[in-house]
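Residue numbers (our numbering): 6 to 134. Down below is the structure, laid out as structure tokens.
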């Protein structure tokens, strides 16, 4: 079995991990990344292979200015799921903020190639394009 499982129907059942994930997402979408991070870390301990939890945690870490932590989360996702266009894009954003524009450029190109219809990925990132 693959190390990382894609979204499966059983996750959406009212499992503890899913409840924690939804709470974390509510805090993240409400502009409270610190609280989101707490819930998402708890969800991740229960479901360590869930890409959706990992990407949300990376978003929370980025919003908190914890760019190195966000980078590691997104790098782990791209290692495990190389076709995750969002993870490549988010990793590029982290690398840009960390002053590693050349490395960011490669991940931005991958995101664009994996999902060419996404306008967000086509927009230039300062210091990368």
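Quick reminder that beta carbons are idealized off the backbone N, C-alpha and C, glycines included.
Secondary structure at residue i, three-state DSSP: helix, strand or coil?
i, result
"residue 86", "coil"
If you drop the 5 nearest sequence neighbours on each side, which residues of the same chain put their C-beta closer than 6 Å to that of residue i?
i, result
"residue 103", "72"
"residue 26", "48, 58"
"residue 124", "none"
"residue 93", "83, 112, 115, 116"
For the alpha helix (DSSP H) that contains residue i, what are its first and last residues?
i, result
"residue 29", "21 to 34"
"residue 107", "106 to 119"
"residue 60", "56 to 68"
"residue 130", "Residue 130 -> no alpha helix (DSSP H), and no H or E assigned at all."
"residue 103", "Counting along the chain, residue 103 falls outside any alpha helix (DSSP H), and DSSP gives it neither H nor E."
"residue 71", "Premise fails: residue 71 is in no alpha helix (DSSP H) and is neither H nor E."
Mind checking residue i: buried by the 16 CB within 10 Å criterion, or exposed?
i, result
"residue 121", "exposed"
"residue 107", "exposed"
Round the Cβ separation of residue i and residue j to the nearest angstrom and send it over; I've been treating them as touching at under 8 Å.
i, j, result
"residue 69", "residue 80", "The Cβ separation is near 17 Å, so there is no contact."
Can you find the residues in the same chain that come closer than 7 Å, C-beta to C-beta, to residue i, ignoring five residues on each side of it along the sequence?
i, result
"residue 74", "66"
"residue 43", "none"
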